[in-house]
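Scroll down for the structure; my scribbles are underneath it.
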Amino acid sequence: MSAPLKGPIAWMAKNRVAANLLMLTIIVGGLVLGTRAKQEIFPEFEVGIVTISVAYPGASPKEVEQGIVLAIEEAARGIDGVKRVLSLSAENRASVRAELMDNADANRVHADIKNAIDRINSFPRDAEPPVVSLLTNQTGVISLVIYGEAGLKTLRRVADQARAALLQRPEITSVEISGAPPPEIAIEVPSAALRRYGLTLDDIARSVGSAAREIPAGNIHSPGGQVLVRLSERRDLGEEFEEIPVIANAAGTFVRVGELATVRDDFAETDEAAYFNGQPAVRLDVYRTGEQTPIEVAGAVKAYAEASADSLPPGVAVASWQDRSVILKERIDLLLRNAFLGLALVLLILGFFLELRLAFWVTLGIPISFTGGLLLMPAADVSLNMISLFAFIVTLGIVVDDAIIVGENIFAQRRQGKSGVRAAVDGVRQVGGPVVFAVLTSIAAFSPMMFVPGVSGKLFKVIPSVVIAVLVVSLVEALFILPAHLAHQGRPAGGRLAAFIKRRRDQIDRAFVWWTDKTYKPAVGAAVRRRYLTLAAGVAVLMVSVGLVGGGFVSFSFMPKIESDLVTASAALPVGSAADQTAEVQARLVSSAQQVLRELDAEEKTLGIYSQVGKPVQRGGPGGAALTSGGGHLADVQISLVTSEKRNFTAAELA
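Under this note's numbering, the first residue of the sequence shown carries the number 8, and numbering increases by one thereafter.
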């Protein structure tokens, strides 16, 4: 006697409208939220690290450690939530990194560390105020390199103009200038001039400081209204500082800064310098913020570069560099290609083994599950990025399995002569338990990744969040939506195409049944009768597999080695080396790279050579927060190549 048609599965199978509403809610909601989802190259998050940086001009590493680092370490170690403190003492600068515990409130610990550092009153007099920052792993989207032989002042001026123009675009919010020392106005006073007028450097500094100011001065109430008073003496150019009076007498005679000193618009005396294809350069790093997408940001930067190419000063050129939005676009294209291929394969194979309509509704489980995953992503605080897209690609191979099992069993129930609703309900109830536990097994396999500690855990937890969301939606679709569609299929489709497919399906079905009866069943029977031999064979295969891995015949790698499009060469001279010596090493590296490119006939296969002296070059990817400090002893050279499909050599060969 058949079981009564009661319960949620039977109710959904009989009410096709409810199933369709649920399906449309998942699809439409997923598409709406998916198009509005935040897009990133890599997930951005707080890495649980607080950095303290203090500039101490003219100090040796030992003086930096004694005067600054020891005091900061003592203050930071006593903060609740700090796991360990690392420090680096270098010439002119102290860098301290406080790593936080996994369960610590990063914002609270950051505030506590900042308050503790502000209470330190033993810093040397010449040390600059400490800079306390909570690190995030923000990744730049694209860089714009402005280069040429026009001089650093011209390049910096063009870079400032480009930065202002880029920030005017609605797609761009954050742009930072790197690769060049910060601008500075230098006032050089000869000692003879000081003696002639009986002045000191402090006297001139006070005069400049009091004159070059922009401060509010209150307001004045008048019969016509309120008047705001403001002292606006801000000076941005060296010639404006030349007019500042230093000495004045009762007769109205002034001695100005320009009469005492030489005033120059210059740059800070740092060892930082950048080059592109051997020419001096300044780089603009563009970041994604808010609701902006990397592809939109990169497109806006490239559009500006093309539009401004004709208006640049003579001897100045502009080029885009390290467009990371390309890898995101390629990952999205890979997901779409695999999804369409999976849809076609499932529809084709099931269409030849089962009914065409059944194959269509089973195949529809893939887009329903994926849009359901997009619908649940905001609740899991997951964005569209390289990691989450990888998770979607992983689920492509497993998301439709439960729908195939349910659909095939419903098809088998109908072949036994049952009605549509009865076949759908009995088919789901018969395999519902195994299907649920199969999905739960997959969820259990991915769940441990959510509990990985540290920075890696914050990256990898995106994968189980996406996979679990997609699997849960696929289970709901297989148990509640699919049976309603298969219970009300109507009459079979007519026409020549349907008749052709039916004939081919019958042929394949007969061949499959013959193979099952003549080959598969006897093999399974023999394996069952000789169960100890079967068990021994399985154990032997397992031992051989373990031996191949343990003996080194099959290599093991936690992360696979993939072909790169970026080659980096780094040089570190002894600390304290002159920047000119480092620049010579950098020039030799660039020359060697150009020579190798000529030997490989690959000069047209490169997008440029970017090199930098005095500061570690930005390498992209998820931020690691390494404890590093710049200096004139560091040099980096990067060669950007076209994709591996467009060249006949590998990045390793070039390196």
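Quick reminder that beta carbons are idealized off the backbone N, C-alpha and C, glycines included.
In the DSSP annotation of this structure, the continuous segment of the beta strand (DSSP E) that includes D272 starts and ends at T269 to F274. Between the segment 140 to 153 and the segment 329 to 337 there are three or more C-beta pairs closer than 8 Å, enough to call the two in contact. Counting along the chain, the unbroken beta strand (DSSP E) around V262 starts and ends at F261 to R263. Of the other Cβ atoms in all chains shown, 16 or more fall within 10 Å of the Cβ of P301; this residue is therefore buried. Exposed is the label assigned to L244, since fewer than 16 other Cβ atoms lie within 10 Å of its Cβ. In the three-state reduction of the DSSP assignment, E135 falls in the coil class, being assigned neither a helical nor a strand state.
With a 10 Å radius around the Cβ and a threshold of 16 neighbouring Cβ atoms, G379 comes out buried. The beta carbon of V474 lies closer than 6 Å to those of A398, T402 and F453 in the same chain, with the five residues before and after it left out. For F283, the beta-bridge partners assigned by DSSP are Q286 and Y617. If you look at K160, you'll find it in the alpha helix (DSSP H) that goes L159 to L174. In this structure L350 is in contact with I373, their Cβ atoms being roughly 6 Å apart against a cut-off of 8 Å. Q645: member of the beta strand (DSSP E) spanning L641 to L648, first to last residue. Under the three-state reduction of DSSP, L403 is assigned to coil, being neither helix nor strand. DSSP places Q588 within a helical segment (H, G or I) once states are collapsed to three.
Nearest Cα to A280 within the set A199, R338 and K160: K160. Linking A430 to A17 through their CA atoms gives a straight-line distance of about 11 Å. Sequence-distant partners of M108 (beyond 5 residues in either direction) whose C-beta falls short of 7 Å from its own C-beta, in its chain, are G88 and K90. In the same chain as S472, and ignoring 5 residues on each side of it, the C-beta atoms closer than 6 Å to its own belong to A387 and V389, in chain order. Bounds of the beta strand (DSSP E) holding R104 are R100 to L107.
The criterion of a C-beta distance shorter than 8 Å is not satisfied by A83 and V71. Excluding residues up to 5 positions away in sequence, R290 and D292 lie with their Cβ nearer than 7 Å to the Cβ of S185 in the same chain.
Cβ neighbours of A662 within its own chain (closer than 8 Å, five residues either side excluded): V574 and A576. Between F360 and I515 the beta-carbon gap is near 7 Å, inside 8 Å, which marks them as a contact.
About 6 Å separates the Cβ atoms of Q145 and Y294, confirming a contact at the 8 Å cut-off. With fewer than 16 neighbouring CB atoms inside 10 Å of its own CB, F261 falls in the exposed class. Shortest Cα-Cα distance from S395 to any of A585, Y204 and K45 involves K45. A residue is called buried when at least 16 other Cβ atoms come within 10 angstroms of its Cβ; S463 does not meet this threshold and is exposed.
The Cβ atoms of F248 and A212 lie no closer than 8 Å to each other.
Straight-line measurement puts the Cα of L348 at about 15 Å from the Cα of R338. DSSP lists S647 as the bridge partner or partners of L573. Runs of the alpha helix (DSSP H) lying entirely within the segment 28 to 116, each at least 4 residues long, are 68 to 71 and 77 to 84 in chain order. Shown here, L319 sits in coil according to DSSP, grouped into three states, outside any helix or strand. Counting only the Cα atoms, A193 lies some 15 Å from E266. With a beta-carbon spacing of about 5 Å, V649 and K612 fall inside the 8 Å limit used to define contacts. Counting along the chain, Y154 sits inside the beta strand (DSSP E) bounded by residues G147 to G155.
Contact annotation: the segment 17 to 28 touches the segment 486 to 494, with at least three C-beta pairs closer than 8 Å.
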